[in-house]
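Trainee: Attaching a single structure in structure tokens format; questions to follow.
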Amino acid sequence: MAEYTLKVRRYQPESGEGAYWEEFKVELDPSLSVLDGLLQAKDRDDGSLSVRCSCRAAICGSCGMKINGQSGLGCKTQVGEALEMAERKASVSPSADGGTPPIVIEPMGNMPVIKDLITDMESTHWTKIRRVTPWLLPHGEAPEREYVVEPESMIDITQSMACIQCGACVSSCLSMEADPEFIGPAALAKAYRFVGDPRDAETKERLHDLAHDPHGIYDCTHCFSCIDACPKGVAPMDQIMRLRRKAGEEGIDDDPNNGHSHEEAFVKIIEKKGTLDEALLVQESYAPGVKGKLKPSMGAIKGLIESLPTVLRAIKTGKARSAHKVIPGLHPKLPGGAQDEVKAIYKHAEEHREEFNIYIAGEDEDFVEPEPDEPTDETLAAEAAAAAESEAS
Amino acid sequence: MSEQIKVAYWPGCVSRGFTTELHGSMAIAAQKLDIELVELDRANCCGAGVIAEHNQELADTLNARTFALAQQTGLSMMNICSTCQGAQSECQQRLDADSSYRAHINEVLSGQGLAYEKGKDGFTNKNFLWLLVEDYGLDRLAEKVTRPLSGLRVGPFYGCYVVRPKERLGYDEFPERDLYLEKVIETLGGEVVEYDGARKCCGFPVITMNRDTSLRQAGTHVGDALDAGADCLVTPCPLCHLNLDMQQPEAAKVVNRDLGLAVLHLPQLVSLALGASPKELGMSKHIASTKWVEERLAAVPA
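Heads up: the sequence lines are chains E and Y, in that order.
Start counting at 1 in the first sequence, then tack on 364, and there's your number in our numbering.
Start counting at 1 in the second sequence, then tack on 20, and there's your number in our numbering.
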């Protein structure tokens, strides 16, 4: 048993007051959960302390919250572990007082708070989930009994099927923080669950819809927050990247965010140059190829005009004074035949396009940590014995 | 006498593109710290996650090639870009997970006399920040400081790719990797500024896709750091630098407030404390003026 201080962000709408912090002292085994701590405080100190919970075993997805700023489940975070995290943060914090720091608990982010740790998941979670048509859209007549699919063809979507709708990823999403209209990690992971389903017949329509929504797949800023927040290993950001890949494979290349043209431009530049030609990337992201230049979209013209002041400032300070940094295409390729090696890699990889998912495949069982360099007593003894033996023979 | 550190050095694309001051200041920092850099000039772009988004096998093979080039030198690898770190670690995790997948990737490399071998000679790939704390050591760094950054209030800005996902980036072994900037700032004699954005996203990956979302992120973090009293930010990621510094005047328009906060590259901050001049560190090339930082340092006797 150990004592912990839980510093909880509280809000009671009926009081008419704003949100405030309150500390609770709880006593429990370090292996018990932050949720256990909160329930103890509710039981012993203040019955009005509000938190949603049910299974207490990371199955129901009810107790999403932020613990020391990290979104996750209260029932899946041990108090001992949460204290270690708080202590690490306090060790570099100029405002820490040197004592044992509290475990800081807040309601989930990117959602309105109803009371204490209870958030309104309707407006930013469920509405967005419904936005992606989260049900199967098969064509043709329904079979008499169940749909029959090869088990292998379903493996691909098991990762996104593991979602328990807790909202921790939504809480942590840094794109949504800047753009509340972003469809978001949970809903997009759910979208992949149907895009990847062999029974669904509207894959292309789904991808077109998600690519053409300016707050869709090309609004994710690739920050990995949702991957760390997810208690079930769904890795929503990885699913968003797979949606982008599939959209590209389906030839959806005219999205309003220039997402696909940015990707295409990047990939082609590295094939030709090996390292990034930044000027060419900007140009080709907005106005790809001959078509993009002869018939640039309004968005492309706007984008290029908006980037002009930045380029001019960079020329002024000397950041981009050499010709190859401002004139697209002048960037040098890799030296001494290295560019041909890169091209050979492209040829090989574009033929195979293999996708290796650790979540599904797992890691080699033979993995052993590399031995430390320092010889141990045992290895020294073994060496001595071997030396003695060879001498004797 | 501590052992001299010698690394296979991958500078990345942006440090030789729009942030050449980073490439130059890393050379200065290395010389002052007595770290030998063997530059991988035949290596290719890490793909920044974008190539992986297009074709995962392509990204994995391109980065396996870089690792193989580094392994040819018999040295471990160092990078100076959070994004390179993240993109390369992602590929390395897949390559290391499965021997048959690794063999498949090595097929094409073998034609070029290259192979990526898992764990060969204890191979690691570390950002300069990680290397500085884990291999060089903060005590040794402290001994090298000739001009402590006394009174300089520095806000750390990590870049997503060196803080998440924790499981992939070695946090099991090094749980304090997301606190190293604070430790380095303190070691150099500066003051750490706490503000909301230190571990958030700069917004750069969507600058051409959703300019408003992107610049709102950059502008918010710079604004928060200013409100917390920062004299400057420091970042180990040149892509963050592009959004926080190069785009700062544009970000100011989006968040509708005055900004104007110097953003230093990590090797610049280190080199300043080791006695280098702002001029040789290319600080005049920055878009957000670094004058205030120079004045603050000049006001404090070395």
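All C-beta atoms in this analysis are idealised placements derived from N, C-alpha and C, irrespective of residue type, glycine included.
By Cβ distance, which residues of its chain are closer than 8 Å to Y:G243, with the 5 residues on each side in sequence left out?
Mentor: Translated into positions along the second sequence, residue 243 of chain Y becomes position 223. Here the set comprises V275, R277, L279.
Trainee: Distance, Cα to Cα, Y:K273 vs Y:Q267?
Mentor: Residue mapping note: residue 273 of chain Y aligns to position 253 of the second sequence, counting from 1. Residue mapping note: residue 267 of chain Y aligns to position 247 of the second sequence, counting from 1. About 10 Å.
Trainee: My output table needs one value for Y:M21: the three-state DSSP class, helix, strand or coil.
Mentor: Position 1 of the second sequence holds residue 21 of chain Y. Confidence at Y:M21 is low in this model, with a pLDDT of 48, below 50, so its placement is unreliable and the value that follows should be read with caution. Coil, per DSSP.
Trainee: Would you please state the rounded distance, in angstroms, between the beta carbons of E:M624 and E:I616? I believe it to be under 8 Å.
Mentor: Here the question's residue 624 of chain E lines up with position 260 in the first sequence. Here the question's residue 616 of chain E lines up with position 252 in the first sequence. At residue 624 of chain E the sequence reads His, which differs from the Met that was named. With a Cβ gap of about 7 Å, E:H624 and E:I616 count as contacting.
Trainee: Quick check on DSSP: helix, strand or coil for E:W499?
Mentor: Counting from 1 along the first sequence, the entry for residue 499 of chain E is found at position 135. Coil.
Trainee: Among the candidates Y:R36, Y:Q237, Y:Q113, whose CA atom is the shortest distance from the CA of Y:D61?
Mentor: For the purposes of this step, residue 61 of chain Y is identified with residue 41 of the second sequence, where counting begins at 1. Ranking Y:R36, Y:Q237, Y:Q113 by Cα distance to Y:D61 puts Y:R36 first.
Trainee: In chain E, which residues lie less than 7 Å from Y:H43 when you measure between Cβ atoms?
Mentor: In the second sequence, residue 43 of chain Y corresponds to position 23, counting from 1. Residues of chain E passing the Cβ test: none, with the nearest at roughly 12 Å.
Trainee: Can you give me the Cβ contacts of Y:G175 inside the same chain, cut-off strictly under 6 Å, excluding the 5 residues immediately before and after it?
Mentor: Position 155 of the second sequence, counted from the first residue, corresponds to residue 175 of chain Y. Around Y:G175: V213, Y215, A245, A250, L253.
Trainee: Would you kindly work out how many angstroms separate the C-alpha atoms of E:H489 and E:T483, rounded to a whole number?
Mentor: Within the first sequence, numbered from 1, the residue matching residue 489 of chain E stands at position 125. Within the first sequence, numbered from 1, the residue matching residue 483 of chain E stands at position 119. Roughly 10 Å separates the two Cα atoms.
Trainee: What's the call for E:Y511, buried or exposed, on a 16-neighbour Cβ count within 10 Å?
Mentor: As a working mapping, residue 511 of chain E is identified with position 147 in the first sequence. Counting Cβ neighbours within 10 Å, E:Y511 comes out exposed, since fewer than 16 surround it.
Trainee: List, in order along the chain, the chain E residues whose C-beta lies closer than 8 Å to that of Y:I48?
Mentor: On the second sequence, residue 48 of chain Y is found 28 positions in, with the first residue counted as 1. Those do not exist, as Y:I48 stays about 17 Å from chain E at its closest Cβ, beyond 8 Å.
Trainee: Using the rule of at least 16 other Cβ atoms within 10 Å of the residue's Cβ for burial, across every protein chain shown, is E:Y384 buried or exposed?
Mentor: One-based indexing of the first sequence puts residue 384 of chain E at position 20. So E:Y384 ends up on the exposed side.
Trainee: At 9 Å on the CB atoms, spell out the chain Y contacts of E:T639, in chain order.
Mentor: Your numbering for residue 639 of chain E matches position 275 in the first sequence. Under the 9 Å cutoff, chain Y gives G32, C33, R36, G37, A63, N64, C65.
Trainee: The beta strand (DSSP E) spanning E:N721 covers which residue range?
Mentor: The residue you call residue 721 of chain E lines up with position 357 of the first sequence. From DSSP, E:N721 is part of no beta strand (DSSP E); its letter is neither H nor E.
Trainee: Report the CB separation of E:V398 from E:T441 in whole angstroms; it is logged as a contact under 8 Å.
Mentor: Numbered from 1 along the first sequence, position 34 holds the residue referred to as residue 398 of chain E. Numbered from 1 along the first sequence, position 77 holds the residue referred to as residue 441 of chain E. Indeed, because the Cβ distance is near 5 Å, the residues count as touching under 8 Å.
Trainee: Can you say whether E:S686 is buried or exposed, counting buried as having 16 or more other CB atoms within 10 angstroms of its CB?
Mentor: Locating residue 686 of chain E in the first sequence gives position 322, where the first residue counts as 1. Classification for E:S686: exposed.
Trainee: So if DSSP puts Y:Q288 in a beta bridge, which residue, or which two residues, is it bridged to?
Mentor: Taking the first residue of the second sequence as position 1, residue 288 of chain Y is located at position 268. DSSP, once it has assigned bridges, lists no residue as partnering Y:Q288.
Trainee: Could you give the distance in angstroms between the alpha-carbon of E:M662 and the alpha-carbon of Y:C221?
Mentor: In the first sequence, the residue the question calls residue 662 of chain E occupies position 298. In the second sequence, the residue the question calls residue 221 of chain Y occupies position 201. So the two alpha carbons sit approximately 28 Å from each other.
Trainee: Who are the Cβ neighbours of Y:T166 in its own chain at under 8 Å, not counting the five residues just before and after it?
Mentor: Residue 166 of chain Y sits at position 146 when you count from the first residue of the second sequence. Closer than 8 Å at the Cβ level, and outside the excluded window around Y:T166, lie A293, L294, G295, A322.
Trainee: Among the residues of its own chain, which have a CB less than 6 Å from the CB of E:S757, if the five just before and after it don't count?
Mentor: Position 393 of the first sequence, counted from the first residue, corresponds to residue 757 of chain E. Unreliable placement is indicated for E:S757, whose pLDDT of 48 sits below 50; the coordinate value is still reported in the next sentence. Closer than 6 Å at the Cβ level, and outside the excluded window around E:S757, lies no residue.
Trainee: Curious, which full-length alpha helix (DSSP H) runs of at least 4 residues does the stretch 390-452 of chain E contain?
Mentor: With a minimum length of 4 residues, the continuous alpha helix (DSSP H) runs that stay inside the stretch 390-452 of chain E are 398-408.
Trainee: Does the stretch 426-433 of chain E come into contact with the stretch 171-188 of chain Y, if we say contact requires no fewer than three beta-carbon pairs (one atom in each stretch) closer than 8 Å?
Mentor: Segments in contact, no.
Trainee: Out of Y:G44, Y:I55, Y:E314, Y:G32, which has the shortest C-alpha to C-alpha gap to Y:R160?
Mentor: In the second sequence, the residue the question calls residue 160 of chain Y occupies position 140. With distances taken between Cα atoms, Y:R160 lies closest to Y:I55.
Trainee: Beta carbon of Y:E41, beta carbon of Y:L286: below 8 Å?
Mentor: Position 21 of the second sequence, counting from 1, holds the residue named residue 41 of chain Y. Position 266 of the second sequence, counting from 1, holds the residue named residue 286 of chain Y. Not a contact, by the Cβ cut-off of 8 Å.
Trainee: With 8 Å as the threshold, decide whether the Cβ of E:C424 is near any Cβ in chain Y.
Mentor: Counting from 1 along the first sequence, the entry for residue 424 of chain E is found at position 60. So no, E:C424 is outside the interface.
Trainee: Ignore the nearest five residues each way along the sequence and tell me which others in Y:S291's own chain have a CB closer than 6 Å to its CB.
Mentor: Here residue 291 of chain Y corresponds to residue number 271 of the second sequence, with the count starting at 1. Around Y:S291: S45, I48, A49, L301.
Trainee: Report the partner residues of E:R373 according to the DSSP bridge assignment.
Mentor: Position 9 of the first sequence, counted from the start, is the residue given in the question as residue 373 of chain E. Note: E:R373 sits in a beta bridge opposite E:W385.
Trainee: What residues of chain Y sit near E:L538, judged by a beta carbon separation below 9 Å?
Mentor: Residue mapping note: residue 538 of chain E aligns to position 174 of the first sequence, counting from 1. Within chain Y, the residues near E:L538 are C180, K220, C221, G223, Q237.
Trainee: Sorted by chain position, which residues of the same chain lie with C-beta nearer than 8 Å to E:I329's C-beta, five sequence neighbours on each side aside?
Mentor: One cannot answer for residue 329 of chain E here, as it falls past the ends of chain E, which runs 365 to 757.
Trainee: Below 8 Å on C-beta distance, what does E:A708 contact in chain Y?
Mentor: Position 344 of the first sequence, counted from the first residue, corresponds to residue 708 of chain E. Under the 8 Å cutoff, chain Y gives V128, G131, Q132.
Trainee: Does the stretch 122-140 of chain Y come close enough to the stretch 66-74 of chain Y that 3 or more CB-CB pairs lie under 8 Å?
Mentor: As far as the Cβ criterion goes, the stretch 66-74 of chain Y does not touch the stretch 122-140 of chain Y, which means the pair count is below three.
Trainee: Could you tell me how far apart the beta carbons of Y:V153 and Y:S102 are, in whole angstroms, since I believe they sit closer than 8 Å?
Mentor: Start at 1 with the first residue of the second sequence, and residue 153 of chain Y comes out as number 133. Start at 1 with the first residue of the second sequence, and residue 102 of chain Y comes out as number 82. Not quite, the Cβ-Cβ distance comes to about 15 Å (not below 8 Å), so this is no contact.
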